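Heads up, the sequence shown is in full-length UniProt numbering, so the first residue is 1 and it goes up one at a time.
To start, the structure itself, in structure tokens.
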Amino acid sequence: MALSKAPSVAHVRVDEGSAGQRIDNFLVRVCKGVPKSHIYRILRSGEVRVNSKRVAQTYRLQEGDELRIPPIRLAEKADVPPVPVGKPFDIVFEDDALLVLDKPAGLAVHGGSGVSFGVIEQLRRQRPEAKFLELVHRLDRETSGLLIVAKKRSALTVLHDMMREGRVHKRYLTLVAGRWLNLQQHIKLALHKYLTEGGERRVSVSPEGKPAHSIVRLVKRWQSCSLVEVELKTGRTHQIRVHLSHSGFPLFGDDKYGDFALNKQLEKAGLKRMFLHAAKLGFRHPLTDQEIELASPLPAELEAFVVSVEQNEEREYG
1 MALSKAPSVA HVRVDEGSAG QRIDNFLVRV CKGVPKSHIY RILRSGEVRV NSKRVAQTYR
61 LQEGDELRIP PIRLAEKADV PPVPVGKPFD IVFEDDALLV LDKPAGLAVH GGSGVSFGVI
121 EQLRRQRPEA KFLELVHRLD RETSGLLIVA KKRSALTVLH DMMREGRVHK RYLTLVAGRW
181 LNLQQHIKLA LHKYLTEGGE RRVSVSPEGK PAHSIVRLVK RWQSCSLVEV ELKTGRTHQI
241 RVHLSHSGFP LFGDDKYGDF ALNKQLEKAG LKRMFLHAAK LGFRHPLTDQ EIELASPLPA
301 ELEAFVVSVE QNEEREYG
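In structure tokens form, the structure reads like this:
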């Protein structure tokens, strides 16, 4: 539910989808456009009431709670174009607690940072009846493949714990420049996040960064490049891209950490995107404990590029 711009008291009943969420985070979500500082001010002042009582900002909502939210006047903003319904996503797995979709490359997982909408906004637009849809994890905009979305807060909470504890197994396929020699290799390099002068997020290998662990397995190699599978033991931002680039094997088509001159050649040869695909997921269901193993084949454009690599190598090296 989003609050109206009209200055009137809102009364909200907490449903199953919002149960367990902290009240400050709930208000940030429903009071769209209201600064966080104002949210905390109305909580501290007692203007927000839960079952007619004042609560702290750390209070966790219970199903059936009755909220009173005071009048909040928002500054008028320019009209924002509606989120397009778009083409339905390819759903790989779904039950009443979660779904896993096959994200196409080129689509952000959520709006922000100059992007007006992403997968989650489009999914909510496609499913207006859904009470709760939240991303469990993220994929880079140019990465395709398996993405988990929670349909219940209880599932989201457990899945986040599982992610932190390394109990969600994620494997990616990528094509890198150079001949990868080892059948299996562990990369343990700490990663540090920073912003460029232009405000773009970047990651570098640094002893001051957070621990990061990738396991790289060779799938196939040619003279000029290698197809590898990367298993993530940690889930740091841009982990695969930075680990492999730092090791001397930049991802094909990577516009942040890759070989830019090579990328131009690859684009002429038909590769129009970064070659990174979230191919496998394995985890126990957060509510039923059922073992779930999911796989997504390489998208057609990546599969076609691998075929062209094989054909070119055969012609050049026999």
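Note that the Cβ used here is the ideal one computed from N, Cα and C, for glycine as well.
Computed from a predicted model, the values in this text were never measured in an experiment.
Reference residue i, options the options, closest by Cα
i: residue 224; options: 310, 275, 133 and 57; result: 310
i: residue 121; options: 149, 98, 227 and 313; result: 149
i: residue 106; options: 189, 216, 123 and 272; result: 272
i: residue 96; options: 264, 132 and 204; result: 132
i: residue 173; options: 165, 64 and 252; result: 252
i: residue 261; options: 163, 47, 146 and 177; result: 177
i: residue 93; options: 194, 64, 137 and 147; result: 147
i: residue 40; options: 22, 51 and 52; result: 22
i: residue 119; options: 130, 101, 128 and 129; result: 101
i: residue 245; options: 84, 289, 180 and 198; result: 180
i: residue 207; options: 193, 199 and 214; result: 193
i: residue 219; options: 211, 209, 230 and 210; result: 230
i: residue 239; options: 26, 214, 136 and 8; result: 214
i: residue 164; options: 313, 175, 129 and 283; result: 283
i: residue 153; options: 276, 140, 85 and 136; result: 136
i: residue 33; options: 72, 59 and 47; result: 72
i: residue 87; options: 19, 125, 140 and 205; result: 125
i: residue 234; options: 134, 168 and 56; result: 168
i: residue 227; options: 184, 201, 265 and 47; result: 184
i: residue 304; options: 200, 292, 275 and 294; result: 275
i: residue 62; options: 53, 20 and 27; result: 20
i: residue 289; options: 158, 255, 316 and 306; result: 158
i: residue 166; options: 89, 232, 8 and 299; result: 232
i: residue 247; options: 266, 216 and 263; result: 216
i: residue 83; options: 65, 54 and 110; result: 110
Delimiting residues of the beta strand (DSSP E) encompassing residue i
i: residue 93; result: 90 to 94
i: residue 242; result: Careful: residue 242 lies outside any beta strand (DSSP E), inside the alpha helix (DSSP H) at 239 to 246.
i: residue 59; result: Premise fails: residue 59 is in no beta strand (DSSP E) and is neither H nor E.
i: residue 333; result: Because the chain here runs from 1 to 318, residue 333 falls outside it and cannot be looked at.
i: residue 116; result: Neither: residue 116 is in no beta strand (DSSP E) and is coded neither H nor E.
i: residue 97; result: Element bounds for residue 97: n/a, residue is neither H nor E.
i: residue 333; result: As shown, the chain starts at 1 and ends at 318. That puts residue 333 outside it, with no answer to give.
i: residue 12; result: 10 to 13
i: residue 187; result: 184 to 188
Residue i - partner residues in DSSP beta bridges
i: residue 220; result: 227
i: residue 316; result: Answer by DSSP bridge pairing: none, since residue 316 is not bridged.
i: residue 202; result: 194
i: residue 213; result: 188
i: residue 135; result: 149
Extent of the continuous alpha helix (DSSP H) to which residue i belongs
i: residue 152; result: Neither: residue 152 is in no alpha helix (DSSP H) and is coded neither H nor E.
i: residue 321; result: No statement about residue 321 is possible, as the shown extent of the chain runs from 1 to 318 and does not include it.
i: residue 29; result: 23 to 30
Where residue i falls, given that 16 or more other Cβ within 10 Å makes a residue buried
i: residue 13; result: exposed
i: residue 258; result: buried
i: residue 269; result: exposed
i: residue 16; result: exposed
i: residue 243; result: buried
i: residue 143; result: buried
i: residue 145; result: buried
i: residue 171; result: buried
i: residue 279; result: buried
i: residue 302; result: buried
i: residue 4; result: Confidence in residue 4 is poor, its pLDDT being 42 and thus under 50, which makes the residue's placement too unreliable to answer from.
i: residue 18; result: buried
i: residue 277; result: buried
i: residue 286; result: buried
i: residue 127; result: exposed
i: residue 91; result: exposed
i: residue 27; result: buried
i: residue 203; result: buried
i: residue 250; result: buried
i: residue 263; result: buried
i: residue 355; result: There is simply no residue 355 to check, as the chain begins at 1 and stops at 318 in what is shown.
i: residue 195; result: exposed
i: residue 56; result: exposed
Whole alpha helix (DSSP H) runs in the region 257 to 313 with 4 or more residues, listed along the chain? 260 to 268
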